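Inspection log for the structure reproduced underneath, given as structure tokens.
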Amino acid sequence: AMTDIATNTPELAAGTAVKGRSLWATALMRLRRNKAAMVSLLILILYIFAGIFGPMISPHHYATVYPEYVRVPASLEAYPRAEEIIPQAESVLTRTRLQIDAIEVNGNTLRVEASSEREIDPRMTRYLERSDIFSNARIVETSGDGRSVVMEADVERLRFLFGTDANGRDLLARILVSIRISLMIGALATGVALIIGVAWGATAGFLGGRVDNVMMRVVDVLYALPFTFFAILLVVFFGRNVVLMFVAVGAVEWLDMARIVRGQTISLRRREFVQAAEALGVSSGGILRRHIIPNTLGPVIIYMTLLIPKVILLESFLSFLGLGVQEPLTSLGVLISEGARNMRSAPYMLIYPSIALTLLLFSLNFLGDGLRDALDPRDR
Numbered sequence: 009a010m011t012d013i014a015t016n017t018p019e020l021a022a023g024t025a026v027k028g029r030s031l032w033a034t035a036l037m038r039l040r041r042n043k044a045a046m047v048s049l050l051i052l053i054l055y056i057f058a059g060i061f062g063p064m065i066s067p068h069h070y071a072t073v074y075p076e077y078v079r080v081p082a083s084l085e086a087y088p089r090a091e092e093i094i095p096q097a098e099s100v101l102t103r104t105r106l107q108i109d110a111i112e113v114n115g116n117t118l119r120v121e122a123s124s125e126r127e128i129d130p131r132m133t134r135y136l137e138r139s140d141i142f143s144n145a146r147i148v149e150t151s152g153d154g155r156s157v158v159m160e161a162d163v164e165r166l167r168f169l170f171g172t173d174a175n176g177r178d179l180l181a182r183i184l185v186s187i188r189i190s191l192m193i194g195a196l197a198t199g200v201a202l203i204i205g206v207a208w209g210a211t212a213g214f215l216g217g218r219v220d221n222v223m224m225r226v227v228d229v230l231y232a233l234p235f236t237f238f239a240i241l242l243v244v245f246f247g248r249n250v251v252l253m254f255v256a257v258g259a260v261e262w263l264d265m266a267r268i269v270r271g272q273t274i275s276l277r278r279r280e281f282v283q284a285a286e287a288l289g290v291s292s293g294g295i296l297r298r299h300i301i302p303n304t305l306g307p308v309i310i311y312m313t314l315l316i317p318k319v320i321l322l323e324s325f326l327s328f329l330g331l332g333v334q335e336p337l338t339s340l341g342v343l344i345s346e347g348a349r350n351m352r353s354a355p356y357m358l359i360y361p362s363i364a365l366t367l368l369l370f371s372l373n374f375l376g377d378g379l380r381d382a383l384d385p386r387d388r
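Residue numbers for the sequence shown, in my numbering: 9 to 388.
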């Protein structure tokens with residue numbers, strides 16, 4: 009009979025075994041079915057690429073100031089507009105005290121015919137070059153007596169897809185670098201919270217007893233510290249910088265992680281595989297590293313995806329209060345703060361950074377919800 013079964017079953021006859029799916033493979037399959045989570049994951053990947061490579065490929069540097077273009081609205085058309093070039097040129101040339109006989113624009117080249125009662129100094133072209141709009145000014149023709157000249161200059165055409173801020177800096181370039189800073193603060197502060205929180209919570213939950221009581225009382229004391237007051241004290245003593253944001257946020261956000269991991273560890277402590285490891289003489293550190301912590305990764309990963317938007321929001325809140333990163337660096341919180349101050353005269357300065365922050369926070373939250381559903385053992 010056994011021979012008949014082996015012969016009639018192609019898989020067994022071929023010597024192949026049916027492979028089962030691991031818990032992680034099942035979770036990935038469930039995550040792929042969640043359309044909101046997958047769209048959020050795609051948006052998050054785009055944000056990461058924008059933060060890493062965006063400032064490198066942006067046509068403008070985030071710190072470059074264009075005095076001629078302060079608070080210009082977002083536009084697909086290049087600045088200066090065609091009708092603005094000649095008035096700008098006339099305004100600049102009034103300082104030369106020359107008689108302007110003719111002025112015209114051919115494509116991106118300005119052509120000026122000028123004359124004077126005295127011989128014209130060739131250095132007059134410097135007046136055009138002092139403007140952000142004109143460059144490479146030169147004299148192409150000079151009369152025999154030197155009293156009339158033909159000057160040409162290249163017109164610098166600049167595009168500001170998101171407009172410029174109150175200092176004349178490109179808002180798109182500043183949003184791209186602010187995404188980099190906000191994601192960096194979110195990732196690193198969450199990493200600090202992960203390392204401290206997992207190690208603290210797993211140790212307290214596994215050892216239990218008096219050690220657990222002492223360690224968790226320390227957590228309770230730190231919970232009592234007001235976060236904003238703590239951040240203000242750090243800024244007062246050490247000044248404003250990005251590293252301080254990691255310390256301030258990471259030093260507080262590990263508390264929740266420690267409690268979550270402690271609860272998971274207590275439930276795992278008396279499981280059969282842990283007792284088997286103890287019976288085989290595995291040390292407490294080895295059990296924590298190889299058995300307890302890997303089995304708490306599901307809830308930890310879920311909490312990480314929900315902690316990153318919380319950290320970004322905290323950093324934005326601190327930056328909004330003026331306790332965040334220093335100029336010329338910026339973050340989404342700083343840009344929103346500046347946009348709020350210029351809301352009436354330049355509403356786009358508030359709208360674009362707010363959309364960028366809102367989209368990032370929604371994506372992280374939807375991805376966290378999707379991971380929670382995929383990794384929840386009760387839904388398998």
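By construction, the Cβ of each residue, glycine as well, lies at the ideal position given by its N, Cα and C atoms. Treat the numbers as computed from the prediction; the structure is a model and nothing was measured.
Out of the options, which one is the CA nearest neighbour of residue i?
i      : options                        : result
Val113 : Glu160, Glu149, Ser139, Glu76  : Glu160
Arg155 : Trp208, Arg146, Ile128         : Ile128
Leu337 : Ile189, Ala58, Thr104, Gly347  : Ile189
Leu340 : Arg349, Met351, Leu358, Ala354 : Leu358
Phe237 : Val200, Ala181, Leu329, Phe374 : Leu329
Ile363 : Glu76, Leu180, His68, Arg38    : Leu180
Leu314 : Gly115, Leu369, Arg40          : Leu369
Trp77  : Leu54, Leu49, Glu164           : Reading off the sequence shown, one finds Tyr at residue 77, where the question assumed Trp. Looking at the Cα atoms, Glu164 is the closest of the given residues.
Ile141 : Val148, Met46, Ala97, Ser124   : Ala97
Ser66  : Asp381, Tyr311, Leu288, Leu169 : Leu169
Ile108 : Thr72, Val158, Val255, Phe61   : Val158
Pro143 : Ser124, Thr150, Glu149, Leu166 : Residue identity differs from the one stated: residue 143 is Ser in this sequence, not Pro. The shortest Cα separation from Ser143 among Ser124, Thr150, Glu149, Leu166 belongs to Leu166.
Ile94  : Ile300, Gly347, Asn42, Ile111  : Ile111
Arg297 : Leu288, Leu50, Val282          : Val282
Ala389 : Leu118, Val319, Arg380         : In the structure as shown, the chain starts at 9 and stops at 388, and residue 389 therefore has no counterpart that could be examined.
Leu331 : Val251, Leu375, Trp262         : Val251
Arg203 : Pro63, Arg352, Val308          : Reading off the sequence shown, one finds Ile at residue 203, where the question assumed Arg. The shortest Cα separation from Ile203 among Pro63, Arg352, Val308 belongs to Val308.
Glu149 : Ser123, Ala174, Ser291         : Ser123
Arg79  : Trp262, Leu372, Met351         : Met351
Gly176 : Val260, Ala44, Thr72           : Thr72
Tyr360 : Asn42, Glu85, His69, Pro81     : Pro81
Glu121 : Arg270, Arg146, Val342         : Arg146
Leu276 : His299, Ala259, Lys43          : His299
Leu227 : Ile268, Thr304, Gly294, Ala197 : According to the sequence displayed, residue 227 carries Val and not Leu. If we check each option's Cα against that of Val227, Ile268 comes out closest.
Tyr356 : Ala259, Asp178, Met312         : Asp178
Ser151 : Leu184, Arg126, Ala348         : Arg126
Gly205 : Gly293, Gly171, Ile301         : Ile301
Met224 : Gly294, Ala354, Trp262         : Trp262
Leu184 : Ser99, Ala207, Pro63           : Pro63
Around the C-beta of residue i, are 16 or more other C-beta atoms found within 10 angstroms, so that it is buried, or is it exposed?
i      : result
Gly378 : buried
Ala266 : buried
Val219 : exposed
Ile344 : buried
Glu91  : exposed
Pro130 : exposed
Pro394 : The structure shown does not extend to residue 394, since the chain is modelled only from 9 to 388, so the question has no answer here.
Ser83  : exposed
Val243 : buried
Ala239 : buried
Phe245 : exposed
Arg279 : exposed
Met37  : exposed
Val222 : exposed
Ile310 : buried
Gln272 : buried
Asp173 : buried
Ile193 : buried
Thr198 : buried
Leu375 : buried
Thr117 : exposed
Glu85  : exposed
Arg312 : Strictly speaking, residue 312 in this sequence is Met, with Arg absent from that position. Looking at its Cβ environment, which holds 16 or more other Cβ atoms inside 10 Å, Met312 is buried.
Arg41  : exposed
Leu365 : buried
Ile295 : buried
Which residues share a DSSP beta bridge with residue i?
i      : result
Asn114 : Thr117
Tyr87  : Leu166
Ala122 : Ile108, Val157
Would residue i count as contacting chain C if we go by Cβ distances under 8 Å?
i      : result
Gly376 : The displayed structure is made up of one protein chain only, and chain C is not part of it.
Practice problem: Could you name each continuous alpha helix (DSSP H) segment of 4 residues or more that falls completely within the stretch 247-330, going from the start of the chain to the end? | Solution: Runs found: 250-276, 280-287, 292-295, 305-328.
Practice problem: Please specify which runs of the beta strand (DSSP E), each continuous and at least 3 residues long, are wholly inside the stretch 142-220, giving them in chain order. | Solution: 142-150, 156-163
Quiz item: Does the stretch 127-145 come close enough to the stretch 98-111 to have 3 or more Cβ pairs within less than 8 Å?
Solution: Look at the beta carbons and you see the stretch 127-145 touching the stretch 98-111: at least three pairs across the two are nearer than 8 Å.
Self-check item: the stretch 225-232 touching the stretch 312-323, judged by at least three CB pairs closer than 8 Å
Solution: When Cβ pairs closer than 8 Å are counted between the two stretches, the stretch 225-232 is seen not to touch the stretch 312-323, the count staying below three.
Practice problem: Determine contact between the stretch 49-61 and the stretch 182-196, defined as no fewer than three beta-carbon pairs at a distance below 8 Å. | Solution: yes
Quiz prompt | Complete runs of the alpha helix (DSSP H) confined to the stretch 326-359 [at least 4 residues] | solution = If only uninterrupted alpha helix (DSSP H) runs of at least 4 residues are considered, those enclosed by the stretch 326-359 are 340-349.
Quiz item: What are the complete alpha helix (DSSP H) segments, minimum 4 residues, inside the stretch 34-97?
Solution: 43-65
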